[in-house]
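Student: Order-wise, the sequence lines are chains A and B.
Add 13 to the 1-based position in the first sequence for this note's numbering, that's all there is to it.
Add 13 to the 1-based position in the second sequence for this note's numbering, that's all there is to it.
Next up is a structure, given as structure tokens.
There are 2 protein chains.
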Amino acid sequence: MDMQSKLDKLRLLDKEWGHLGRIIAALQWDQETMLPEKAVPERAEQLALIEGILHERFSSQDTGSLLLELGSSTENPGGDEKLPHIDRDFLKIIRRNYDKAVKLPTDFVSNAARAEGLSQAAWVKARKENKFSDFLPHLVKMLDFARQRANYWGYKDNVYDGLLDIYEPGLGAEGISALFKPLGEKLSILLKKISSVARPPTEFLNKDFDINKQNLFGKTLMDVLGFDLSQGRLDVSAHPFCTTLGSYDVRMTTRYLPKNLFSSIFSVIHESGHAFYDLGFPRELHGTSLAEGASMGIHESQSRLWENVIGRSRSFWLKLFPVLKDQFSLELSSVDFNAFYRAINLVEASLIRVEADELSYSLHIILRFELEKALFNGKLKAEDLPSQWRSKMKEYLGIEPETDADGVLQDIHWSMGAFGYFPSYALGNLYSLQFWDKLKSDIPHHDELIGSHNLKPIHEWLKNNIHIWGCRLEPRDLLKTVTGHSLSSEPFLNYIESKYSFLYGLS
Amino acid sequence: MDMQSKLDKLRLLDKEWGHLGRIIAALQWDQETMLPEKAVPERAEQLALIEGILHERFSSQDTGSLLLELGSSTENPGGDEKLPHIDRDFLKIIRRNYDKAVKLPTDFVSNAARAEGLSQAAWVKARKENKFSDFLPHLVKMLDFARQRANYWGYKDNVYDGLLDIYEPGLGAEGISALFKPLGEKLSILLKKISSVARPPTEFLNKDFDINKQNLFGKTLMDVLGFDLSQGRLDVSAHPFCTTLGSYDVRMTTRYLPKNLFSSIFSVIHESGHAFYDLGFPRELHGTSLAEGASMGIHESQSRLWENVIGRSRSFWLKLFPVLKDQFSLELSSVDFNAFYRAINLVEASLIRVEADELSYSLHIILRFELEKALFNGKLKAEDLPSQWRSKMKEYLGIEPETDADGVLQDIHWSMGAFGYFPSYALGNLYSLQFWDKLKSDIPHHDELIGSHNLKPIHEWLKNNIHIWGCRLEPRDLLKTVTGHSLSSEPFLNYIESKYSFLYGLS
Chain A
14 MDMQSKLDKL RLLDKEWGHL GRIIAALQWD QETMLPEKAV PERAEQLALI EGILHERFSS
74 QDTGSLLLEL GSSTENPGGD EKLPHIDRDF LKIIRRNYDK AVKLPTDFVS NAARAEGLSQ
134 AAWVKARKEN KFSDFLPHLV KMLDFARQRA NYWGYKDNVY DGLLDIYEPG LGAEGISALF
194 KPLGEKLSIL LKKISSVARP PTEFLNKDFD INKQNLFGKT LMDVLGFDLS QGRLDVSAHP
254 FCTTLGSYDV RMTTRYLPKN LFSSIFSVIH ESGHAFYDLG FPRELHGTSL AEGASMGIHE
314 SQSRLWENVI GRSRSFWLKL FPVLKDQFSL ELSSVDFNAF YRAINLVEAS LIRVEADELS
374 YSLHIILRFE LEKALFNGKL KAEDLPSQWR SKMKEYLGIE PETDADGVLQ DIHWSMGAFG
434 YFPSYALGNL YSLQFWDKLK SDIPHHDELI GSHNLKPIHE WLKNNIHIWG CRLEPRDLLK
494 TVTGHSLSSE PFLNYIESKY SFLYGLS
Chain B
14 MDMQSKLDKL RLLDKEWGHL GRIIAALQWD QETMLPEKAV PERAEQLALI EGILHERFSS
74 QDTGSLLLEL GSSTENPGGD EKLPHIDRDF LKIIRRNYDK AVKLPTDFVS NAARAEGLSQ
134 AAWVKARKEN KFSDFLPHLV KMLDFARQRA NYWGYKDNVY DGLLDIYEPG LGAEGISALF
194 KPLGEKLSIL LKKISSVARP PTEFLNKDFD INKQNLFGKT LMDVLGFDLS QGRLDVSAHP
254 FCTTLGSYDV RMTTRYLPKN LFSSIFSVIH ESGHAFYDLG FPRELHGTSL AEGASMGIHE
314 SQSRLWENVI GRSRSFWLKL FPVLKDQFSL ELSSVDFNAF YRAINLVEAS LIRVEADELS
374 YSLHIILRFE LEKALFNGKL KAEDLPSQWR SKMKEYLGIE PETDADGVLQ DIHWSMGAFG
434 YFPSYALGNL YSLQFWDKLK SDIPHHDELI GSHNLKPIHE WLKNNIHIWG CRLEPRDLLK
494 TVTGHSLSSE PFLNYIESKY SFLYGLS
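Quick look at the structure:
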């Protein structure tokens, strides 16, 4: 077989792995949105089987041999350097994924999966009963599996780097610390300032908002955002998420809380941002391993850009608020635009990450990052997490949870062993403003476009500058290519300071 | 390995095949109910891949060797005769399925699958444009693939028997003819008698029935029928169906037509009957190849028993009609119970099978069976189907379609190569009344139970007598075991004659 035939064969295999991955996504989507209660255990077995088949096929000797033969060899001196860029990127990504897959022994994978299932169930119970001690032994196991995983994979400076690398390649704990430390300090100061001025009134939100009407408004919102229903869906699940079942099949979910009008609105905008990324990959990447986001942080930059920068802007709501007011004519009759605009941008120290505002959100993340880092470099023991959590909450947000359920037990991530995931959320905030600043200079009339809901030029810009790359570029290279800059918290801080100084009349 | 270990290994493999089969069912269910329009082609590729994996695994040498070793051998003299009955039945079914699978060359399977896809698309277009000639070349190919398939599998007397055997094992074309001939004659005579008396008024149905209200009534209906929503769902699709995604996950669909109130009501009852069968298998069969209906005809007996015998009975609606009338208080205000009861049992010769009433439905099937039989024994050429269709419609139903779209092109089955499937529908009618007669003698107060919507004893009877067997018994043995009788059209004819003579005041 010549190089081209080998490459073609690898592409064909990649297509099959992709199909299997998306079959898994379909079964998981169904589990979260449709699955009858009693069918849960059997679905877990179906998923385990198909995940096993994918792992077996992907990490097979066939893949390894092809990758070897497509590298540097006598038959192929100079390796793949003669290939077009896109083929080299393709090989780079397959190699990266393959190396990660084969380094984990099959036994380890299935033991970890089994332990994660038990740990997650224990976490649900412990959170409900507010008993950290019941969850602790599982947490210790999860930490141990994570350490082993990082050891199998190898890492730069310390174990934690190996874990961070899965979600945000190349940055490492030191790189993240250098960004998060000053960011945390500045956000914390700003939050204290805001806490000291008068809280805008929001009591008009203490009403029952009919969920059928919320659903109707959600459809309107998707239409305004430009979500194409011939390529995706909106359904309901316990926690909002977005997942990709095919090149033209991206499904997002929301939840409707009668007492919280904003929950579904901003989750629809947030998940739409994720969906636009996955639907924005160019045709030549479809069905290949290159049709992925560059990292979790970059993915989050897209959802946060839509949710916060566009979705909580004055311009976006000028035309949309009357529509919302029509939908809830009784409930919102006495509310004027300015009160509404201040309400969707209310800043307030709160205990729960997923309910946090745009400013304090990153503080929740920095806290988690620092705790994870301390856990992995041996400076913190798992049993001391609850007290450390409290003291860091006090330090960054000025409040403390009364219970562990509202503190260290609030998130699912650690119970699944997903250490290193949290930073992506705050990195997404930073990336989003760097991209946004560039978009603003490329499209000077962006504000008019948003005001008139003519969002197509913004979609096109994001597609042509960011989505077009899939995961061909590392996050840092993507950022450099798009903006010319390295990762920095300055654009985000400038945005936050300017927006909220104005909103809260700070000097 | 000893016998027990081999059997355990086969059971484990069977469990995996089952999971894969149900993953396929999940993807197909999603395709019919949820899939965004542009995602259709990629879903076809995902399905082809996973079906290939299942075929490969099931028809592997591993399976063959295990089956061989579990048969009669030096190591195991007397074969599996020492095993408990349930294990012997298990081996019998795996052998039957395995023999069918390995006899088909992989090339043949994929060529046929590809041709079926094209044929189905051509049929959709030809039906729309009423052009039988455009569909004819595909139909000829489908007939050819069907012949080849039957030849690979082998058959008793003629090719058609080989095809019939997939859906209704053991009966054969001659067996079916012997039943259908007198059945057709008697139904035809009865239909003519009914056509000559006054048609009951049904103009009160010519209204718009809000589909949200239809959906609400559908939920009530499921509740009355005893459908457990923790083990299944009701969704919407173009054509109603029922499919099994897990031992505790059976999903049915309906469609809501504003101009046709009865369409969704009776499809919900019909599909519930299928669902009760699949949810009624005993625990020890769960996750094995024995957790299947005994045949398509037996499966159809369950849906038709619920839809027609119970669902169109006077007793069932006495308590339910007021609920329906409450739901549609304006639309049904002037309708009394007797008019309603006569309307749900309206008998009228009509062109379209899926809209036919309980009496004339079997005539549509007999017509298709006779045409299929003639096609396979060489007495009819595919190009002569339209004219033969017309003359048989005239003969059995006294009417003729003006277009092929309302005639020979109306059903999807032939376009998919599913020859031999149609008889199941009419056989289901026959089985259902034989079962019903036995149930009536075992539960003398059945009518009171139906009237009070206390359906549990009826569910229990069906479970304990029919569902309990899964596919352990051949249809004829199941019928004999349950009723003591062989297959006969007499109970069905008696039921039809007595019910409709009364309804139409025939002497």
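Cβ atoms here follow ideal geometry from the backbone N, Cα and C, with glycine treated the same way.
Is there a Cβ of chain A sitting closer than 8 Å to that of E64 (chain B), yes or no?
Tutor: False, the Cβ-Cβ gap to chain A never drops below 8 Å.
Student: Flag M47 (chain A) as yes if its beta-carbon sits less than 8 Å from any beta-carbon of chain B, otherwise no.
Tutor: So, interface residue.
Student: Can you tell me whether V249 (chain A) is helix, strand or coil according to DSSP?
Tutor: V249 (chain A) falls in the strand class under three-state DSSP.
Student: Got a sec: which bits of the stretch 221 to 250 of chain A sit with their beta carbon under 7 Å from any beta carbon on chain D, in order along the chain?
Tutor: No chain D is part of this structure, whose protein chains are labelled A and B.
Student: Check whether the Cβ of G259 (chain A) lies closer than 8 Å to any Cβ atom in chain B.
Tutor: With 8 Å as the cut-off, G259 (chain A) counts as an interface residue toward chain B.
Student: Does the count of Cβ pairs from the stretch 472 to 483 of chain B and the stretch 424 to 431 of chain B closer than 8 Å reach three?
Tutor: No, they do not touch.
Student: Any beta carbon of chain A sitting closer than 8 Å to that of E55 (chain B)?
Tutor: Interface residue, yes.
Student: Report the CB separation of A395 (chain A) from L149 (chain A) in whole angstroms; it is logged as a contact under 8 Å.
Tutor: With a Cβ gap of about 6 Å, A395 (chain A) and L149 (chain A) count as contacting.
Student: If you draw a straight line from the alpha carbon of L446 (chain B) to that of I456 (chain B), how long is it in whole angstroms?
Tutor: Those two C-alpha atoms are separated by around 15 Å.
Student: Any chance you could list the alpha helix (DSSP H) runs of at least 4 consecutive residues sitting entirely within the stretch 408 to 489 of chain A, in chain order?
Tutor: With a minimum length of 4 residues, the continuous alpha helix (DSSP H) runs that stay inside the stretch 408 to 489 of chain A are 436 to 455, 459 to 464, 469 to 478.
Student: Just the C-alpha distance for R264 (chain A) and F350 (chain B), rounded to the nearest angstrom, thanks.
Tutor: Going from the Cα of R264 (chain A) to the Cα of F350 (chain B) covers about 46 Å.
Student: State the Cα-Cα distance for the pair I471 (chain A) and H299 (chain A), rounded to the nearest angstrom.
Tutor: Cα-Cα distance, rounded: 22 Å.
Student: Below 8 Å between beta carbons: does that hold for L79 (chain B) and K19 (chain B)?
Tutor: Result yes, Cβ atoms of L79 (chain B) and K19 (chain B) sit closer than 8 Å.
Student: Of the choices A:L234, A:A38, A:E305, A:L258, whose alpha-carbon is the least far from that of H283 (chain A)?
Tutor: The residue with the shortest Cα to Cα distance from H283 (chain A) is A:L234.
Student: Give, in chain order, every residue of the stretch 26 to 41 of chain B whose Cβ lies closer than 9 Å to some Cβ of chain A.
Tutor: Listed by position, the residues of the stretch 26 to 41 of chain B near chain A (Cβ gap below 9 Å) are K28, E29, H32, L33, R35, I36, A39, L40.
Student: Once you ignore the five residues that flank P182 (chain B) on each side, which residues in its own chain have a CB closer than 7 Å to its CB?
Tutor: Excluding residues within five positions, the ones whose Cβ falls inside 7 Å are S308, E487, P488.
Student: Tell me the residue span of the alpha helix (DSSP H) that contains M16 (chain A).
Tutor: Looking at the DSSP string, the run of the alpha helix (DSSP H) that includes M16 (chain A) is 16 to 46.
Student: To which residues of the same chain is I224 (chain B) closer than 7 Å at the C-beta, ignoring the five residues directly before and after it?
Tutor: Counting only Cβ-Cβ distances below 7 Å, and skipping sequence neighbours, we find Y269, P271.
Student: Classify S259 (chain B) as helix, strand or coil using the three-state DSSP reduction.
Tutor: Reading the sequence as shown, one finds Gly at residue 259 (chain B) and not Ser. DSSP places G259 (chain B) in strand when its eight states are reduced to three.
Student: Is the closest heavy atom of the ligand COA to the C-beta of L492 (chain A) under 7 Å?
Tutor: Ligands displayed in this structure: none; no statement on the ligand COA is therefore possible.
Student: Should L343 (chain A) go down as buried or exposed, given a rule of 16 or more other Cβ atoms within 10 Å for buried?
Tutor: Exposed, since its Cβ has fewer than 16 Cβ neighbours within 10 Å.
Student: In its own chain, which residues sit with a C-beta less than 7 Å from the C-beta of R246 (chain B), not counting the 5 before and 5 after it?
Tutor: Contacts found: R264.
Student: Which same chain residues, not among the five before or five after V367 (chain A), have their C-beta less than 6 Å away from its C-beta?
Tutor: So no residue of the chain qualifies.
Student: Of all the CB atoms in chain B, is at least one closer than 8 Å to the CB of K547 (chain A)?
Tutor: Any question about residue 547 (chain A) goes unanswered here, given that chain A covers just 14 to 520.
Student: So which residues of chain A does Q59 (chain B) contact, with C-beta pairs closer than 7 Å?
Tutor: By Cβ distance, chain A contributes H32, R35, I36.
Student: Could you please give the first and the last residue of the uninterrupted alpha helix (DSSP H) stretch that includes V53 (chain A)?
Tutor: Its alpha helix (DSSP H) spans residues 53 to 71.
Student: With a cut-off of 8 Å, do at least 3 Cβ pairs link the stretch 58 to 73 of chain B to the stretch 107 to 127 of chain B?
Tutor: With the cut-off at 8 Å, the stretch 58 to 73 of chain B and the stretch 107 to 127 of chain B touch.
Student: Would you kindly work out how many angstroms separate the C-alpha atoms of P295 (chain A) and D100 (chain A), rounded to a whole number?
Tutor: Using only the alpha carbons, I get a separation of about 15 Å.
Student: If contact is defined by three or more beta carbon pairs under 8 Å, each pair taking one atom from either stretch, is the stretch 503 to 514 of chain B in contact with the stretch 327 to 339 of chain B?
Tutor: No contact exists between the stretch 327 to 339 of chain B and the stretch 503 to 514 of chain B.
Student: Would you tell me roughly how many angstroms separate the C-alpha atoms of S314 (chain A) and P253 (chain A), rounded to the nearest one?
Tutor: Cα-Cα distance, rounded: 17 Å.
Student: Can you check whether the CB of H32 (chain B) is closer than 8 Å to the CB of E58 (chain A)?
Tutor: Result yes, Cβ atoms of E58 (chain A) and H32 (chain B) sit closer than 8 Å.
Student: Taking C-beta pairs closer than 9 Å, name the residues in chain B that D43 (chain A) reaches, listed in chain order.
Tutor: Result: A39, W42, D43, M47, L258.
Student: Between the C-alpha atoms of L196 (chain B) and S373 (chain B), what's the straight-line distance to the nearest angstrom?
Tutor: L196 (chain B) and S373 (chain B): Cα-Cα distance of roughly 11 Å.
Student: From Y261 (chain A) to I189 (chain B), what distance separates their C-alpha atoms?
Tutor: Using only the alpha carbons, I get a separation of about 47 Å.
Student: For D21 (chain B), would you say it is in contact with chain A, using Cβ-to-Cβ distances shorter than 8 Å as the test?
Tutor: Output row for D21 (chain B): interface = no.
Student: Expressed to the nearest angstrom, what Euclidean distance is found between the alpha-carbon atoms of Q244 (chain A) and E50 (chain B)?
Tutor: Roughly 7 Å separates the two Cα atoms.
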